[in-house]
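Protein chains in written order, with the numbering used here: chain B, 255 to 498; chain S, 255 to 498; chain Z, 255 to 498; chain P, 255 to 498.
Idealized CB from N, CA, C, for every residue including glycine.
Shown next, in structure tokens, is the structure this report addresses.
4 protein chains.
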Amino acid sequence: MSQPIRVTVWNEYRHEVKNEKIRQLYPHGMHAVIAEALRGAGMDVRTATLDQPEHGLSDDVLNTTDVLIWWGHVAHGEVKDPVVDKVYARVLAGMGLICLHSAHYSKIFRKLMGTTCNLKWREIGERERLWVVHPGHPIAEGLGEYFEIPHAEMYGELFDIPPPDELVLISWFQGGEVFRSGCCFYRGCGKVFYFRPGHETYPIYYQKEVQRVIINGVRWAAPTAGPKPQFGNKQPLEKVDAHG
Amino acid sequence: MSQPIRVTVWNEYRHEVKNEKIRQLYPHGMHAVIAEALRGAGMDVRTATLDQPEHGLSDDVLNTTDVLIWWGHVAHGEVKDPVVDKVYARVLAGMGLICLHSAHYSKIFRKLMGTTCNLKWREIGERERLWVVHPGHPIAEGLGEYFEIPHAEMYGELFDIPPPDELVLISWFQGGEVFRSGCCFYRGCGKVFYFRPGHETYPIYYQKEVQRVIINGVRWAAPTAGPKPQFGNKQPLEKVDAHG
Amino acid sequence: MSQPIRVTVWNEYRHEVKNEKIRQLYPHGMHAVIAEALRGAGMDVRTATLDQPEHGLSDDVLNTTDVLIWWGHVAHGEVKDPVVDKVYARVLAGMGLICLHSAHYSKIFRKLMGTTCNLKWREIGERERLWVVHPGHPIAEGLGEYFEIPHAEMYGELFDIPPPDELVLISWFQGGEVFRSGCCFYRGCGKVFYFRPGHETYPIYYQKEVQRVIINGVRWAAPTAGPKPQFGNKQPLEKVDAHG
Amino acid sequence: MSQPIRVTVWNEYRHEVKNEKIRQLYPHGMHAVIAEALRGAGMDVRTATLDQPEHGLSDDVLNTTDVLIWWGHVAHGEVKDPVVDKVYARVLAGMGLICLHSAHYSKIFRKLMGTTCNLKWREIGERERLWVVHPGHPIAEGLGEYFEIPHAEMYGELFDIPPPDELVLISWFQGGEVFRSGCCFYRGCGKVFYFRPGHETYPIYYQKEVQRVIINGVRWAAPTAGPKPQFGNKQPLEKVDAHG
Numbered sequence: 255m256s257q258p259i260r261v262t263v264w265n266e267y268r269h270e271v272k273n274e275k276i277r278q279l280y281p282h283g284m285h286a287v288i289a290e291a292l293r294g295a296g297m298d299v300r301t302a303t304l305d306q307p308e309h310g311l312s313d314d315v316l317n318t319t320d321v322l323i324w325w326g327h328v329a330h331g332e333v334k335d336p337v338v339d340k341v342y343a344r345v346l347a348g349m350g351l352i353c354l355h356s357a358h359y360s361k362i363f364r365k366l367m368g369t370t371c372n373l374k375w376r377e378i379g380e381r382e383r384l385w386v387v388h389p390g391h392p393i394a395e396g397l398g399e400y401f402e403i404p405h406a407e408m409y410g411e412l413f414d415i416p417p418p419d420e421l422v423l424i425s426w427f428q429g430g431e432v433f434r435s436g437c438c439f440y441r442g443c444g445k446v447f448y449f450r451p452g453h454e455t456y457p458i459y460y461q462k463e464v465q466r467v468i469i470n471g472v473r474w475a476a477p478t479a480g481p482k483p484q485f486g487n488k489q490p491l492e493k494v495d496a497h498g
Numbered sequence: 255m256s257q258p259i260r261v262t263v264w265n266e267y268r269h270e271v272k273n274e275k276i277r278q279l280y281p282h283g284m285h286a287v288i289a290e291a292l293r294g295a296g297m298d299v300r301t302a303t304l305d306q307p308e309h310g311l312s313d314d315v316l317n318t319t320d321v322l323i324w325w326g327h328v329a330h331g332e333v334k335d336p337v338v339d340k341v342y343a344r345v346l347a348g349m350g351l352i353c354l355h356s357a358h359y360s361k362i363f364r365k366l367m368g369t370t371c372n373l374k375w376r377e378i379g380e381r382e383r384l385w386v387v388h389p390g391h392p393i394a395e396g397l398g399e400y401f402e403i404p405h406a407e408m409y410g411e412l413f414d415i416p417p418p419d420e421l422v423l424i425s426w427f428q429g430g431e432v433f434r435s436g437c438c439f440y441r442g443c444g445k446v447f448y449f450r451p452g453h454e455t456y457p458i459y460y461q462k463e464v465q466r467v468i469i470n471g472v473r474w475a476a477p478t479a480g481p482k483p484q485f486g487n488k489q490p491l492e493k494v495d496a497h498g
Numbered sequence: 255m256s257q258p259i260r261v262t263v264w265n266e267y268r269h270e271v272k273n274e275k276i277r278q279l280y281p282h283g284m285h286a287v288i289a290e291a292l293r294g295a296g297m298d299v300r301t302a303t304l305d306q307p308e309h310g311l312s313d314d315v316l317n318t319t320d321v322l323i324w325w326g327h328v329a330h331g332e333v334k335d336p337v338v339d340k341v342y343a344r345v346l347a348g349m350g351l352i353c354l355h356s357a358h359y360s361k362i363f364r365k366l367m368g369t370t371c372n373l374k375w376r377e378i379g380e381r382e383r384l385w386v387v388h389p390g391h392p393i394a395e396g397l398g399e400y401f402e403i404p405h406a407e408m409y410g411e412l413f414d415i416p417p418p419d420e421l422v423l424i425s426w427f428q429g430g431e432v433f434r435s436g437c438c439f440y441r442g443c444g445k446v447f448y449f450r451p452g453h454e455t456y457p458i459y460y461q462k463e464v465q466r467v468i469i470n471g472v473r474w475a476a477p478t479a480g481p482k483p484q485f486g487n488k489q490p491l492e493k494v495d496a497h498g
Numbered sequence: 255m256s257q258p259i260r261v262t263v264w265n266e267y268r269h270e271v272k273n274e275k276i277r278q279l280y281p282h283g284m285h286a287v288i289a290e291a292l293r294g295a296g297m298d299v300r301t302a303t304l305d306q307p308e309h310g311l312s313d314d315v316l317n318t319t320d321v322l323i324w325w326g327h328v329a330h331g332e333v334k335d336p337v338v339d340k341v342y343a344r345v346l347a348g349m350g351l352i353c354l355h356s357a358h359y360s361k362i363f364r365k366l367m368g369t370t371c372n373l374k375w376r377e378i379g380e381r382e383r384l385w386v387v388h389p390g391h392p393i394a395e396g397l398g399e400y401f402e403i404p405h406a407e408m409y410g411e412l413f414d415i416p417p418p419d420e421l422v423l424i425s426w427f428q429g430g431e432v433f434r435s436g437c438c439f440y441r442g443c444g445k446v447f448y449f450r451p452g453h454e455t456y457p458i459y460y461q462k463e464v465q466r467v468i469i470n471g472v473r474w475a476a477p478t479a480g481p482k483p484q485f486g487n488k489q490p491l492e493k494v495d496a497h498g
């Protein structure tokens, strides 16, 4: 039998601590709710937060993480560059990475994308409807043709990312915008999934469809034991009749 | 526990019957060797051939097939259009399809691609080396950076296909050509994988790396239970203030 | 100086003939309005319609067409297969093709895509807003971040096409749907652009932004004098030490 | 009439200064040969080098550059980060960038890709053959099905880049490797083209096919006057009945 996927759910964990209303929604942090959902899907889950030593992401934790989930918002700048560099190296070596909502603007996502990852936003609690545009994609498993989030922060195009390698979900917003909300990227040996929903002021991570997409995303992003690329100076594999 | 993937290996099965030398290589047909490899990977495997009634692809067989493997060469024209149409509909509904070697020119592959799928070829038994260019892709699982086929029919670019949605393998040939040898395509709810190796005059389907890629391809192409798209006239989901 | 691009605007031209209200909008057919816009951009433009001999698409016309624009709706089935086959061959040989609105369901578009190209639709004259999601793409030249069509037929996802090679526009509809409205595909040596707007009951083809996208699309899809692929049996370019 | 494209050819310009043999090949630097070829194609061309103030890339130069060509090798580390950041911002704002040969490992290319951009290499002067796999692409204009470089440094896969948005050329090397040699990427409003050939010890930039690809690349990468994306907090375009 295959081993359960080892997931680390990383959360900035500031809103829930500082804001009473948000704490009522997520008493133990958004990471706790996400972790619980993943455990329910049979995964082996830990959590880590910004204010822990090394942001909770020691070498030991990273080296035993198959898929890292990232939530950040107000404290992107406090994430230390050496930690970002280690996560980056791990992704290129094969670790999956799932960036949620405002993690679009995290250091790690921007470093992996090569663009600003900027976007439009609005916070009036409008309705969002997420349409599946890639019905055979593993991340769409168990979904209907669309699902709704009754009250959401709006994110609107242009979302300044490279063209996604696979585009799974497009959001419609009541106020007139669209957004590429479920985007897959390949980087090195790793897989990166950006998933839009999840503002801290709404109970979005309790919603079944949202949990389902995150679970599917983890399965899609889990490492596969492919070749370990080797770089540098190589002898010819074939006899060569060259001038060298 | 999840159910084993149900695979049907379809083979034209003419070379092995008519040509003594090929029959010695594949006494029960290439499909038998491929089927055996897939069974060894825990899959639930049947075979079907051109000269069976309905080419062995009755509604019942197709409706209980998760992934169909296709090998054809000299008798593409004998495959009846209604069978091709049924396979096509099944792929769009989610069935995986793996087209091997000369199946690049099968009716079903050309219909799904929308191009001629033509290419260059040469049969002098030269060496082929397949390089992995997408190391994190599930189809590259278990492979090294490259593998070799000691004697192969050459296929050369231009391979007249649409740009693959995912390109996993590129072949190098001793005589001076390259070829996109492992190509993934999404069509409707289905996944299509084209894999180049496999000429009937060489023991290529006994080779472990080749079997490994086919097994990986089946796992990648297996259907996922995503949304069932509905088409046609739809009422608005949202109140609309229109002139209608 | 380079030669003007030679465009043929093909229109089914049935609605405008049979329906008084539509004729008032487009007295000489939608093709006449589109042709006029393209001429204003310096292009060399002809038109052709279904009821002309060979649908107006003789060998001579096709062989001197750089980009073909296609509009069809109620009479897809009347387009003769040999004409479709000739257009198909021309696209693969390098001719550009722009399919407008209900041409998503034309024989030629479906043949080039390899999928059903089906979708959802609704005709209540709701508002459409088209967002640019690929701002550096030549087809977005001269556009703002979005443009609106005040009254449009809705087309909704799932749009059953292969993942576009380049996705330029996504539509938002008042009633709650989204749609991939500007999609680029490469097929053989040719380029195909699907552009959604254009229902016959609205003056959409008079709208400046819509004309601009069609002009840009023609420029993007115009043939380039690249290699003429050759297929079939080829001698090795390199000395080969094979067993052959 | 449209204005000529304004190109700046940037060269590290160290090999040609320090090494007598290389200076004989490129007495005024590789940039001079490339600039001459681009001028012959009607472009408005300047050059800039590492040892000039601000590496020759002042705000004024960058702001009046449509396409920047980059060649670097031994001195990537000497390129100052503020200059890299300015080039990066200009690319995202629409300036084209063409990275040649060992510029795969330049700071600017790696920053835009989000990966290491590492590869295999070997310097024995073997033969390279570049095959066109995207015959309708503007960068393939004027080429045959392949062209050869008689003596080249080998670059081999894995080339650690994101999957290219468009793959135009694949190299075959005599010694047994393949390489994705002509790769297009979209970043922000800008276009990036990586083109492999060009080692300093061979007269590769005098070769007509190589010059042709660079000229085509410049035309493909030239900015288009698309939308200027705006980011941040936006009012709804549509009336919203939300809880806000």
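Inset, instruction - Report yes if the C-beta distance between residue 422 of chain B and residue 393 of chain B is below 8 Å; otherwise report no. - result: yes
Inset, instruction - Please report how far the alpha carbon of residue 310 of chain S lies from the alpha carbon of residue 409 of chain Z, in whole angstroms. - result: 39 Å
Inset, instruction - Using 7 Å as the cut-off, classify the Cβ of residue 312 of chain B as near or not near the heavy atoms of the ligand ATP, replying yes or no. - result: In the structure on display, the ligand ATP does not appear, and there are no ligands present to speak of.
Legend entry - 8 Å Cβ cutoff, residue 481 of chain S in contact with chain B: yes
Inset, instruction - Taking residue 485 of chain B as the reference, give the member of P:414, P:315, P:488, P:277 with the closest Cα. - result: P:414
Legend entry - Short Cβ contact (8 Å threshold) for residue 354 of chain Z with residue 483 of chain S: no
Inset, instruction - Give me whichever residues DSSP pairs with residue 426 of chain S in a beta bridge. - result: S:383, S:432
Legend entry - Backbone secondary structure at residue 323 of chain Z - three-state DSSP: Secondary structure at residue 323 of chain Z: strand, using DSSP grouped into helix, strand and coil.
Legend entry - Residues of its chain near residue 442 of chain S, where Cβ-Cβ distance is below 6 Å and the 5 sequence neighbours each way are ignored: 346
Inset, instruction - Tell me, please, which residues DSSP counts as bridged to residue 363 of chain B. - result: Looking at the DSSP assignment, residue 363 of chain B forms no beta bridge with any residue, so it has no partner.
Inset, instruction - Measure from the C-beta of residue 359 of chain B to each C-beta in chain P and report whether the shortest distance is under 8 Å. - result: Answer no: the Cβ-Cβ gap between residue 359 of chain B and chain P never drops below 8 Å.
Legend entry - CB contact below 8 Å: residue 388 of chain S versus chain P: yes
Inset, instruction - State the Cα-Cα distance for the pair residue 319 of chain Z and residue 358 of chain Z, rounded to the nearest angstrom. - result: 21 Å
Legend entry - C-beta atoms of residue 258 of chain Z and residue 296 of chain Z nearer than 8 Å: Contact annotation: residue 258 of chain Z and residue 296 of chain Z have beta-carbon atoms nearer than 8 Å.
Inset, instruction - Give the range of the beta strand (DSSP E) segment to which residue 445 of chain S is assigned. - result: 444-449
Inset, instruction - Look at the alpha carbon of residue 350 of chain P and the alpha carbon of residue 491 of chain Z, and state the distance between them as a whole number of angstroms. - result: Approximately 36 Å, taken between the alpha carbons.
Inset, instruction - Grab the span of the beta strand (DSSP E) containing residue 354 of chain Z for me, first residue to last. - result: 350-354
Inset, instruction - Consider the Cβ of residue 465 of chain P: report whether some Cβ of chain Z lies at a distance smaller than 8 Å. - result: The Cβ of residue 465 of chain P sits no closer than 8 Å to any Cβ of chain Z.
Legend entry - Contact set for residue 515 of chain B: own chain, Cβ-Cβ below 6 Å, skip 5 residues either direction: A query on residue 515 of chain B cannot be resolved here, the shown segment of chain B reaching from 255 to 498 and no further.
Legend entry - 8 Å Cβ cutoff, residue 263 of chain Z in contact with chain S: no
Inset, instruction - Taking only beta-carbon positions, decide if residue 438 of chain Z is within less than 8 Å of chain P. - result: The C-beta of residue 438 of chain Z comes no closer than 8 Å to any C-beta of chain P.
Legend entry - Cβ shell of residue 331 of chain B (< 6 Å), same chain only, five flanking positions each side left out: Nothing meets the Cβ criterion.
Inset, instruction - Give the residues from the segment 407-427 of chain S that approach chain Z closer than 7 Å (Cβ to any Cβ), ordered along the chain. - result: 410, 412, 414, 416, 417, 419
Inset, instruction - Pull out every residue of the segment 276-307 of chain B whose Cβ sits closer than 9 Å to any Cβ of chain D, in chain order. - result: Checking the listed chains, one finds no chain D in this structure; the protein chains it contains are B, S, Z and P.
Legend entry - Residue environment, residue 269 of chain Z, which counts as buried when at least 16 other CB atoms sit within 10 Å: Burial is judged here by how many other beta carbons sit within 10 angstroms of a residue's own beta carbon; residue 269 of chain Z has at least 16 and is buried.
Inset, instruction - With DSSP as the reference, please indicate the residues paired to residue 437 of chain B in a beta bridge. - result: B:421, B:448
Inset, instruction - Using 10 angstroms around the beta-carbon of residue 274 of chain Z, count the other beta-carbons present and answer buried if the total reaches 16, otherwise exposed. - result: It is exposed - the Cβ of residue 274 of chain Z has fewer than 16 other Cβ atoms within 10 Å.
Legend entry - Three-pair Cβ contact test at 8 Å for the segment 424-438 of chain Z versus the segment 382-391 of chain Z: yes
Inset, instruction - Using a threshold of 8 Å, state whether the C-beta atoms of residue 316 of chain Z and residue 368 of chain S are closer than that. - result: no
Legend entry - Any chain Z beta carbon closer than 8 Å to residue 395 of chain P: Answer yes: the Cβ-Cβ gap between residue 395 of chain P and chain Z drops below 8 Å somewhere.
Legend entry - Residues in the segment 330-357 of chain Z having any Cβ partner in chain P nearer than 7 Å: 348
Inset, instruction - Could you tell me if residue 327 of chain P is buried or exposed, where buried requires 16 or more neighbouring beta carbons within 10 angstroms of its beta carbon? - result: buried
Inset, instruction - Look at residue 325 of chain P and residue 284 of chain P and say whether their C-beta atoms are less than 8 Å apart. - result: yes
Inset, instruction - Label residue 256 of chain S either buried or exposed according to how many other C-beta atoms from any shown protein chain fall within 10 Å of its C-beta, with 16 as the threshold for buried. - result: exposed
Legend entry - Of the listed residues S:287, S:279, S:262, S:314, nearest to residue 302 of chain S (C-alpha basis): S:262
Inset, instruction - Would you verify that the beta carbon of residue 404 of chain B is, or is not, closer than 8 Å to some beta carbon of chain S? - result: no
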